[in-house]
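**Student:** In our numbering, the protein residues as written are 18 to 237.
1. Could you tell me which residues DSSP puts in a beta bridge with residue 70?
2. Could you spell out where the alpha helix (DSSP H) holding residue 52 opens and where it closes?
3. Can you name the start and end residues of the alpha helix (DSSP H) that residue 174 belongs to?
4. Pick out whichever of 176, 27 and 25 has its Cα sitting closest to the Cα of residue 148.
5. Under 8 Å, with one C-beta from each stretch per pair, do the stretch 58–75 and the stretch 29–44 reach the 3-pair mark?
6. Alpha carbon to alpha carbon, how far is residue 39 from residue 57? Give it in angstroms, no decimals.
7. If you pair each beta-carbon of the stretch 122–140 with each one of the stretch 154–170, do three or more pairs fall below 8 Å?
8. For residue 193, would you say it is in contact with chain B, using Cβ-to-Cβ distances shorter than 8 Å as the test?
9. Taking the alpha-carbon positions, what's the residue 106 to residue 67 distance?
10. With a threshold of 6 Å on Cβ separation, who are the neighbours of residue 185 within its own chain once the five nearest residues in sequence on each side are excluded?
11. Give a yes or no on contact between the stretch 46–54 and the stretch 83–101, applying the rule of three or more CB pairs nearer than 8 Å.
12. What is the C-beta distance between residue 181 and residue 152, in whole angstroms, given that I count them as a contact (C-beta under 8 Å)?
13. Going by DSSP in three states, residue 127 sits in which element: helix, strand or coil?
14. Using only the alpha-carbon positions, how far apart do residue 79 and residue 103 sit?
And the structure:
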């Protein structure tokens, strides 16, 4: 009988073979598998170790605490300067995975030992991140907005700062800030549920989309 990961891989159009090879390697290291965030995720003692991801131009294997893994060959990649913990390996062909099969296993065993040791990632504090000028202006212009933003958890503040900062043009940053102002005033994080329907509240699991689809179908 197929489980959730079996079904996930069988439905893949672009990276089916790559996922099959990666899955075999990962499971040979003794990790447990399940579907999280709609992707195959592998755990040890209930702790997330690695996760698979498929994109338009590549698929990847991501290590949740990759920043702590010793990587003398420079195989692990930091996707952006703001990613503090996760490190990834990108693939476009099955042979690329097979070529570094033993290295992937060594990384996984390292990840297990890191988890056993209780080692933690030293995350930057909110004040260590550069706040975009557009957000600074908004904070100064509205005491209400400033109070709401500063009342958010450090993690939620950082998520907004990074999201706003990722835009290159001032107009885009300002547009994003305005779009999420109401959410911030309600004390919600960037990815928090605002409809109240999520089974994973406060995280959003897309339940509002199911409700929309239900209404749109019934109205036809």
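The C-beta atom is built at its ideal place from N, Cα and C for all residues, glycine as well.
Just so it is clear, the structure is predicted and the values come from calculations on it, not from any experiment.
**Tutor:** So, from the data block:
1. Locating residue 70 in the chain shown gives position 53, counting from the first residue. Residue pairing by DSSP places residue 70 opposite 77 in a beta bridge.
2. By one-based count along the chain shown, residue 52 stands at place 35. Not the alpha helix (DSSP H): residue 52 falls in the beta strand (DSSP E), residues 49–53.
3. As a position in the chain shown, residue 174 is number 157, starting the count at 1. DSSP places residue 174 inside the alpha helix (DSSP H), whose first and last residues are 171–182.
4. Your numbering for residue 148 matches position 131 in the chain shown. Among 176, 27 and 25, the Cα nearest to that of residue 148 belongs to 176.
5. These segments touch.
6. For this step, residue 57 is matched to residue 40 along the chain shown. For this step, residue 39 is matched to residue 22 along the chain shown. Using only the alpha carbons, I get a separation of about 10 Å.
7. Contact between the stretch 122–140 and the stretch 154–170 is not established, with fewer than three Cβ pairs separated by less than 8 Å.
8. Chain labels in this structure do not include chain B; a single protein chain is all it has.
9. The residue given as residue 106 occupies position 89 in the chain shown. The residue given as residue 67 occupies position 50 in the chain shown. The straight-line gap from Cα to Cα measures roughly 11 Å.
10. Here residue 185 refers to the residue found at position 168 of the chain shown. If you ignore the 5 residues before and after residue 185, its C-beta comes within less than 6 Å of no other C-beta in its own chain.
11. Contact annotation: the stretch 46–54 does not touch the stretch 83–101, with fewer than three C-beta pairs closer than 8 Å.
12. Residue 181 sits at position 164 when you count from the first residue of the chain shown. Residue 152 sits at position 135 when you count from the first residue of the chain shown. Yes, residue 181 and residue 152 are in contact; Cβ-Cβ is about 6 Å, under 8 Å.
13. For the purposes of this step, residue 127 is identified with residue 110 of the chain shown, where counting begins at 1. Reduced to three states, the DSSP call for residue 127 is helix.
14. Position 62 of the chain shown, counting from 1, holds the residue named residue 79. Position 86 of the chain shown, counting from 1, holds the residue named residue 103. One alpha carbon belongs to residue 79, the other to residue 103, and they sit about 7 Å apart.
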